[in-house]
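Engineer: Just passing along the structure, written as structure tokens.
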Amino acid sequence: MIVGIAILIALTAFSLLTPLVVDGSPTGQNLAQTLQPPGPGHRLGTDHLGRDMALRLAAAIRVSLSVSIGATIVAAVLGVGLGVLAGSRGGLVDRLLSTAADMVLALPGLLLVLLIIAIAPGRFWPLYLGISLVLWIEYFRMARAITIRVAASPAVQASQLLGFGPVYVFLTHYWPQMAPMILTVGAFGAATAILSVAALGFVNVGIRPPTPELGQMMIELLPYYHEAPYIIAQPILVVFLLVLSLNLIAGGKAR
Amino acid sequence: MIRLVSYRVLQAGLVAVMVGALTFIMVRSLPGDMAFRIAAGRYGYDLVDGAAAEQVRRELGLDRPAIAAFADWLWSMARFDLGVSLVSGVPVVVEIRHQLGHSVELAVVAILLSMVLGPPIGVLAAIRPGGLFDRLVFVATVGLRSLPQFVIGLLLIYGLSVHAGLLPAAGHGGARFTVLPALTLALGLAAVSSRIARDATITVMASPYYRFGLTKGLPPGETFRRHGVRNIAVPVITYLGVQLVYLIEGVVVVETLFAWPGIGHALVHAIVARDVPMIQGTALVMGLMFVVLNGLVDLVCHLIDPRRRAA
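Top line first, the protein sequences correspond to chains Z and W.
When the letters of the first sequence are read in order and numbered with my numbering, they come out as residues 13 to 267.
When the letters of the second sequence are read in order and numbered with my numbering, they come out as residues 15 to 325.
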């Protein structure tokens, strides 16, 4: 788990610090210097349009992280909120929300994201919306199950009889039970989000060029794997490390 | 049993409604004049004129109020009428019938391959938990799960096709063409099923009934066959249901990577070309494939686990 956090911090630092250290823009082309090996001018080399790989990777990591973190937070807040609501109210509210969750589960996640992206291709919001829509289910189910279990406990009933409000009950009774689970679900979810964004970029329906995105960088660089294997290896390695770090964080906590 | 089937039927209905509603919103919410956009997708941006757009408008019923169009859509869905592809002009049902076979073939081979690879490795790893082989398998599975499927596919193409020249890199033909895409999917699936099999094996081997089998003098191999296999198979197959999400998503990516003429490939193409009836049809079929496969997993669980039949 510590290894996972360390990798994640290192990648985040790289993505945030590189633009400060390296001059230029991730989309600035220089056709006189394409597919350069790593050297003094370009620390990680250049791609097929002479764009600086360090800057592009940094920008792509920011895209991946912002989509996954944004979607994860939206999904967590929505899922936990609705889960607690469904679990504590029961009855019709519970029935409606659980049916909604079942509906989303009926379609595989990426398929749902693809359909939502088809509504407005090339924008960011369908990506966020689609991924959060897939991710909130996990939180919802987890929060609902814990709420139902905890709500029946004497501790909650005592708090309610003493006249404490729902906010107090949530913070003292529900939250401590959920917090560790949320980290695990969140890390797995963020890993899924990063893989989805890359997969969408790879099949050319995700984020539009020239905005750098890891999956799309791979497909762009694919024809040049022979001339510059180290260049295409970079986005692959970055995706691998991102997902690996999140999996390690999630797995470490689960045990 | 009946509850099981009826749940899946309900789920299939939900898939149809979801896909339909999403495609419906898609058609209605595109910026600009939808008819012009679709016509442009069909004839190219230079050749679009008012007449072409008008034809598309009539064809899709875009000139009618939303409620009427939605009712119309429900009616055509009830008759399994999926419309006509806007790009090729062929009925969507015909196109999909052609592609579905390829996708099912790929999915089935991938599942079988993952069952051959994953569980045996997991069982072997469980013989000595914490041993060298167990650790190696652990590193390999975490690594595989952290790589996007298309990267696994690329590495396989690079290793087995470009370098060794053993297998064709992409396309569709005889059995040789199936190996790489199926293996790509299977590796991802096997990474999880081997973990599940390993954990299940450890639990089963530590259980009182297994110990008793050994204590009463059954040889280890016999004990494993009689008391181990089925009990390990239950969680592995149950988990296969969860993994189907990964499989269906993988079909989209892997078919695109290997230029495999299946429905995942068709879906991506349809999205790029804004071919609305095709998007609707392919998404619907993929969703239904997901439900049917899940139903099959339920059935297999029922067959191998008598406790479920009793319940």
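Note that CB positions come from ideal geometry on N, CA and C, so glycine has one too.
At a Cβ cut of 8 Å, what residues of the stretch 296–323 of chain W count as close to chain Z, listed as they run along the chain?
Structural biologist: Residues A297, M300, G301, F304 and V305.
Engineer: Could you say which of Z:S27, Z:S80 and Z:V89 lies nearest to Z:G201 if we only look at CA atoms?
Structural biologist: The residue you call residue 201 of chain Z lines up with position 189 of the first sequence. Of the listed residues, the one whose Cα sits closest to Z:G201 is Z:S80.
Engineer: Using 8 Å as the limit for Cβ to Cβ distance, is Z:V130 near chain W?
Structural biologist: For the purposes of this step, residue 130 of chain Z is taken as the residue at position 118 of the first sequence. Looking at the sequence provided, one finds Ala at residue 130 of chain Z rather than Val. Yes, because at least one Cβ of chain W sits closer than 8 Å to the Cβ of Z:A130.
Engineer: Identify every residue that forms a DSSP beta bridge with W:V98.
Structural biologist: Here residue 98 of chain W refers to the residue found at position 84 of the second sequence. For W:V98, which the question treats as bridged, DSSP gives the partners W:P105.
Engineer: Quick one: complete alpha helix (DSSP H) runs, 4+ long, within the stretch 96–123 of chain Z?
Structural biologist: Listed in chain order, they are 103–118.
Engineer: What are the complete alpha helix (DSSP H) segments, minimum 4 residues, inside the stretch 118–198 of chain Z?
Structural biologist: Correct list: 121–131, 137–163, 166–173 and 178–181.
Engineer: If the cut is a Cβ gap below 9 Å, which residues of chain Z does W:R159 touch?
Structural biologist: Counting from 1 along the second sequence, the entry for residue 159 of chain W is found at position 145. Near W:R159 (Cβ distances below 9 Å), the residues of chain Z are A203, V255, L256 and N259.
Engineer: For W:G301, which residues in the same chain have their Cβ closer than 7 Å to its Cβ, ignoring the five residues on either side in sequence?
Structural biologist: Locating residue 301 of chain W in the second sequence gives position 287, counting from the first residue. Around W:G301: V29 and V33.
Engineer: By the criterion of Cβ-Cβ separation under 9 Å, what are the contact partners of W:P106 in chain Z?
Structural biologist: Translated into the one-based positions of the second sequence, residue 106 of chain W becomes position 92. It is Val, not Pro, that sits at residue 106 of chain W in the sequence shown. What W:V106 touches in chain Z: nothing, since even the nearest Cβ is about 15 Å away.
Engineer: To the nearest angstrom, how far is it from the Cα of Z:I85 to the Cα of W:E68?
Structural biologist: Sequence index remark: in the first sequence, residue 85 of chain Z carries index 73 (1-based). Sequence index remark: in the second sequence, residue 68 of chain W carries index 54 (1-based). Going by the C-alpha atoms only, they are around 44 Å apart.
Engineer: Ignore the nearest five residues each way along the sequence and tell me which others in Z:M5's own chain have a CB closer than 7 Å to its CB.
Structural biologist: Residue 5 of chain Z lies beyond the residue range present for chain Z, which begins at 13 and ends at 267; the question has no answer from this structure.
Engineer: Use the C-beta contact count for W:Y223: other C-beta atoms within 10 angstroms, 16 or more gives buried, fewer gives exposed.
Structural biologist: Within the second sequence, numbered from 1, the residue matching residue 223 of chain W stands at position 209. Flag for W:Y223 reads exposed.
Engineer: Using a Cβ-Cβ cutoff of less than 6 Å, which residues in the same chain neighbour W:F164 once the five nearest sequence positions on both sides are dropped?
Structural biologist: Along the second sequence, one-based indexing puts residue 164 of chain W at 150. Taken in chain order, the residues that qualify are V267 and L271.
Engineer: On the DSSP bridge assignment, give the partners of Z:D64 in chain order.
Structural biologist: Along the first sequence, read from residue 1 onward, the residue named residue 64 of chain Z stands at position 52. According to DSSP, which records beta bridges pairwise, Z:D64 is partnered with Z:T58.
Engineer: Compare the C-beta of W:E109 against all C-beta atoms of chain Z and say whether one is closer than 8 Å.
Structural biologist: Position 95 of the second sequence holds residue 109 of chain W. Chain Z contact via Cβ: absent.
Engineer: Just checking my contact of Z:W148 with Z:A87 at CB under 8 Å: how many whole Å lie between their CB atoms?
Structural biologist: Counting from one through the first sequence, the residue named residue 148 of chain Z turns up at place 136. Counting from one through the first sequence, the residue named residue 87 of chain Z turns up at place 75. That pair is a contact at about 4 Å.
Engineer: How would you list, in chain order, the residues of chain Z whose beta-carbon sits under 7 Å from the beta-carbon of W:V29?
Structural biologist: Taking the first residue of the second sequence as position 1, residue 29 of chain W is located at position 15. Result: A118 and L119.
Engineer: Look up Z:H238 in the DSSP assignment and say whether it is helix, strand or coil.
Structural biologist: Here residue 238 of chain Z refers to the residue found at position 226 when the first sequence is read from its first residue. Here Z:H238 sits in coil by DSSP.
Engineer: Distance cutoff 8 Å, beta carbons only. Does W:V286 sit that close to anything in chain Z?
Structural biologist: Here the question's residue 286 of chain W lines up with position 272 in the second sequence. Yes, contact with chain Z.
Engineer: Below 8 Å on C-beta distance, what does Z:D114 contact in chain W?
Structural biologist: Here the question's residue 114 of chain Z lines up with position 102 in the first sequence. Going along chain W in sequence order, the residues near Z:D114 (Cβ under 8 Å) are Q25 and L28.
Engineer: Determine the burial state of Z:R267: buried for a count of at least 16 other Cβ atoms within 10 Å of its Cβ, exposed for fewer.
Structural biologist: As a position in the first sequence, residue 267 of chain Z is number 255, starting the count at 1. Low confidence applies here, because Z:R267 scores a pLDDT of 37, under 50, leaving its location unreliable; read the following figure in that light. Exposed: under 16 other Cβ atoms inside 10 Å.
Engineer: Expressed to the nearest angstrom, what Euclidean distance is found between the alpha-carbon atoms of W:L261 and W:L307?
Structural biologist: Counting from 1 along the second sequence, the entry for residue 261 of chain W is found at position 247. Counting from 1 along the second sequence, the entry for residue 307 of chain W is found at position 293. Approximately 10 Å between the Cα atoms of the pair.
Engineer: Please list, in chain order, all residues of the same chain as W:A196 whose beta carbon is under 7 Å from its beta carbon, the five residues on each side excluded.
Structural biologist: In the second sequence, the residue the question calls residue 196 of chain W occupies position 182. Excluding residues within five positions, the ones whose Cβ falls inside 7 Å are L120, V123, A124 and L127.
Engineer: Run the CB neighbour count on W:H116, radius 10 Å, all protein chains shown included, and call it buried at 16 or more, exposed below.
Structural biologist: As a first step, residue 116 of chain W is located in the second sequence; it is residue number 102 there, counting from the start. By the neighbour-count rule (16 or more Cβ atoms within 10 Å), W:H116 is buried.
Engineer: Run the CB neighbour count on W:E109, radius 10 Å, all protein chains shown included, and call it buried at 16 or more, exposed below.
Structural biologist: Numbered from its first residue, the second sequence carries residue 109 of chain W at position 95. Under this definition W:E109 is a buried residue.
Engineer: For Z:T24, name the three-state secondary structure that DSSP assigns.
Structural biologist: The count along the first sequence starts at 1 and reaches residue 24 of chain Z at position 12. Helix at Z:T24.
Engineer: What does W:M292 touch in chain Z if you count any residue whose Cβ is under 8 Å from its own?
Structural biologist: Position 278 of the second sequence holds residue 292 of chain W. Within chain Z, no residue comes near W:M292; the closest Cβ sits about 11 Å away, beyond 8 Å.
Engineer: Between Z:G142 and chain W, is there a C-beta pair that is closer than 8 Å?
Structural biologist: Against the first sequence, residue 142 of chain Z aligns to sequence position 130. Answer no: the Cβ-Cβ gap between Z:G142 and chain W never drops below 8 Å.
Engineer: Could you tell me the alpha carbon to alpha carbon distance between Z:L253 and Z:F214, rounded to whole angstroms?
Structural biologist: Looking up residue 253 of chain Z in the first sequence gives position 241. Looking up residue 214 of chain Z in the first sequence gives position 202. If you take the alpha carbons of Z:L253 and Z:F214, they lie about 18 Å apart.
Engineer: Is Z:A87 close to chain W, meaning its C-beta is less than 8 Å from at least one C-beta of that chain?
Structural biologist: Within the first sequence, numbered from 1, the residue matching residue 87 of chain Z stands at position 75. So, not an interface residue.
Engineer: Out of curiosity, what's the CA-to-CA distance linking Z:P166 and W:A154?
Structural biologist: Indexing the first sequence from 1 puts residue 166 of chain Z at position 154. Indexing the second sequence from 1 puts residue 154 of chain W at position 140. Taking the straight line joining both Cα atoms gives about 46 Å.
Engineer: Please list the residues of the stretch 263–284 of chain W that have a C-beta atom closer than 7 Å to any C-beta atom in chain Z, keeping them in chain order.
Structural biologist: From the stretch 263–284 of chain W, only E263, V266, V267, T270, L281 and V282 have a Cβ closer than 7 Å to chain Z.
Engineer: Three-state secondary structure (DSSP) at W:L194?
Structural biologist: Counted from its first residue, the second sequence places residue 194 of chain W at position 180. Note: W:L194 maps to helix in three-state DSSP.
Engineer: Roughly how many angstroms separate the alpha carbons of Z:I261 and Z:T196, rounded to a whole number?
Structural biologist: Working through the first sequence from its first residue, we reach residue 261 of chain Z at position 249. Working through the first sequence from its first residue, we reach residue 196 of chain Z at position 184. C-alpha separation (whole angstroms): 7 Å.
Engineer: Taking W:I210 and W:P249 to be in contact with their CB atoms under 8 Å, please state how far apart those CB atoms are, rounded to whole angstroms.
Structural biologist: By one-based count along the second sequence, residue 210 of chain W stands at place 196. By one-based count along the second sequence, residue 249 of chain W stands at place 235. About 6 Å separates the two Cβ atoms, so the contact holds.
Engineer: What is the C-beta distance between Z:I128 and Z:V217, in whole angstroms, given that I count them as a contact (C-beta under 8 Å)?
Structural biologist: Here residue 128 of chain Z refers to the residue found at position 116 of the first sequence. Here residue 217 of chain Z refers to the residue found at position 205 of the first sequence. Wrong, their Cβ atoms sit about 11 Å apart, outside the cutoff.
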